[in-house]
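**Student:**
Number of protein chains: 2
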Amino acid sequence: MADELRDMIDIDRIIHEPARLVIVTILNAVERADFLYLQRETGLTKGNLSSHLTRLEDAGYVTIEKTFEGKTPRTTCRLTDQGRAAFKAYRERLQRAIDAAPAPPDA
Amino acid sequence: MADELRDMIDIDRIIHEPARLVIVTILNAVERADFLYLQRETGLTKGNLSSHLTRLEDAGYVTIEKTFEGKTPRTTCRLTDQGRAAFKAYRERLQRAIDAAPAPPDA
DNA sequence: CAGACTGGTTTGTATCACAAACCGGTTTAT
DNA sequence: ATAAACCGGTTTGTGATACAAACCAGTCTG
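Line by line, the protein sequences give chains A and B.
Residue numbers for the first sequence follow this note's numbering, so the first one is 1 and each next one is one higher.
Residue numbers for the second sequence follow this note's numbering, so the first one is 1001 and each next one is one higher.
#1: At the 8 Å Cβ level, is A/Val-24 part of the contact set with chain B, yes or no?
#2: Relative to the C-alpha of B/Arg-1084, which candidate in B/Arg-1006, B/Glu-1069, B/Leu-1027, B/Gln-1039 has its C-alpha closest?
#3: Looking at the structure shown, is A/Arg-74 part of a helix, part of a strand, or coil, going by DSSP?
#4: Could you name the residues of chain B that A/Gly-43 contacts, counting a contact when the two beta carbons are closer than 8 Å?
#5: If I measure Cβ to Cβ from B/Arg-1074 and keep anything under 8 Å in the same chain, skipping five residues before and after, which residues do I get?
#6: With distances taken between CB atoms, is the gap from B/Ile-1158 to A/Thr-25 smaller than 8 Å?
#7: Between which two residues does the beta strand (DSSP E) harbouring B/Glu-1004 extend?
#8: Mind listing the chain A neighbours of B/Ile-1098? Cutoff is C-beta to C-beta under 7 Å, in chain order.
#9: So, using beta-carbon positions, are B/Thr-1042 and B/Ala-1019 closer together than 8 Å?
#10: Against chain B, does A/Leu-21 count as a neighbour if the rule is that its beta carbon must be under 8 Å from one of theirs?
#11: Based on DSSP bridge pairs, tell me the residues matched to A/Val-62.
#12: Could you check if B/Ala-1089 is buried or exposed, using at least 16 other CB atoms within 10 Å of its CB as the buried criterion?
#13: Check the Cβ-Cβ distances between A/His-52 and every residue of chain B, and say whether any is below 8 Å.
#14: Just by C-beta distance, which residues in the stretch 61–83 of chain A are closer than 7 Å to chain B?
Written as structure tokens, this is what we have:
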């Protein structure tokens, strides 16, 4: 009955972390975003943003592309198909879990 | 515009932890539940469940009542009004955050 | 040339989730 | 009567990790 609830316990922790959830939600909407845009949008410190992005990259959820805009470096992030799918799955699972409610213990 | 998103970053971490989210969702539905019921329902180990309950108690979100059922101890948990309110706020905030999407950076 | 800024990465620390070990008490077996 | 197994949890140890501060390579400005 409440299996949707129990499933919540092994939800994707990569996405579940609030900072990353924000990052992924943005990337899901805009398709590509550079580091500074993400920093402004999230309010995260650079260090924090950097490590979350690395974590998302390691998970295969985002690609990070480094180019030069004239002479200044520029880091562009995109959600991968895998990341997009994971985000979709995350939202669905979370929604089902929060809506789920067990029947009273006995009667 | 996407302030709902940024707000997500300071979402209530007490509730956000998946194991506790499951516990709170159950307690929100059933009004009171004993330790063993929660353990069966969540699939958590005893130690893990115990420490999450303590954490929820410390946060003022649940009350833990110890009684005896004949000769065996029995631990009963309830969501406090504060806990119920926090859960409601959590759900609303999460929902708004997930629905929120920023406009593309420039054009 | 010094100093400040840009665009990040690396390092240190404090927190925390988790399971294993433990514990007081009770029931069952010998 | 004693031991051994079980019940209902709590405490302890540890590995992971979120976060910010410090750092760094390069560029621009006075």
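Where a beta carbon is used, it is the ideal one built from N, C-alpha and C, also for glycine.
**Tutor:** According to the structure data:
#1: Reading the first sequence from its first residue, position 24 is the one you call residue 24 of chain A. Interface flag for A/Val-24 against chain B is unset, since no Cβ pair is found closer than 8 Å.
#2: Position 84 of the second sequence, counted from the start, is the residue given in the question as residue 1084 of chain B. The option with the nearest alpha carbon to B/Arg-1084 is B/Leu-1027.
#3: Residue mapping note: residue 74 of chain A aligns to position 74 of the first sequence, counting from 1. Annotated three-state conformation of A/Arg-74 is strand, per DSSP.
#4: Numbered from 1 along the first sequence, position 43 holds the residue referred to as residue 43 of chain A. For A/Gly-43, the neighbours in chain B by C-beta distance under 8 Å run, in chain order, Arg-1006, Ile-1009.
#5: Position 74 of the second sequence, counted from the start, is the residue given in the question as residue 1074 of chain B. So the list reads Asp-1034, Phe-1035, Lys-1066, Thr-1067, Phe-1068, once near-sequence residues are dropped.
#6: Given that chain B is displayed from residue 1001 to residue 1107, the structure contains no residue 1158 of chain B and the question cannot be resolved.
#7: Your numbering for residue 1004 of chain B matches position 4 in the second sequence. B/Glu-1004 -> not in any beta strand (DSSP E); alpha helix (DSSP H) instead, spanning 1003–1007.
#8: What you label residue 1098 of chain B is simply residue 98 of the second sequence in a count that begins at 1. Here the neighbours are Thr-25, Arg-91.
#9: Here residue 1042 of chain B corresponds to residue number 42 of the second sequence, with the count starting at 1. Here residue 1019 of chain B corresponds to residue number 19 of the second sequence, with the count starting at 1. Yes. Within cutoff.
#10: Within the first sequence, residue 21 of chain A is the residue found at index 21, counting from 1. It does; some Cβ of chain B falls within 8 Å.
#11: Mapped onto the first sequence, residue 62 of chain A falls at position 62. Bridge partners of A/Val-62: A/Leu-79.
#12: Along the second sequence, one-based indexing puts residue 1089 of chain B at 89. With fewer than 16 Cβ atoms within 10 Å of its Cβ, B/Ala-1089 is classed as exposed.
#13: Here residue 52 of chain A corresponds to residue number 52 of the first sequence, with the count starting at 1. Answer no: the Cβ-Cβ gap between A/His-52 and chain B never drops below 8 Å.
#14: none
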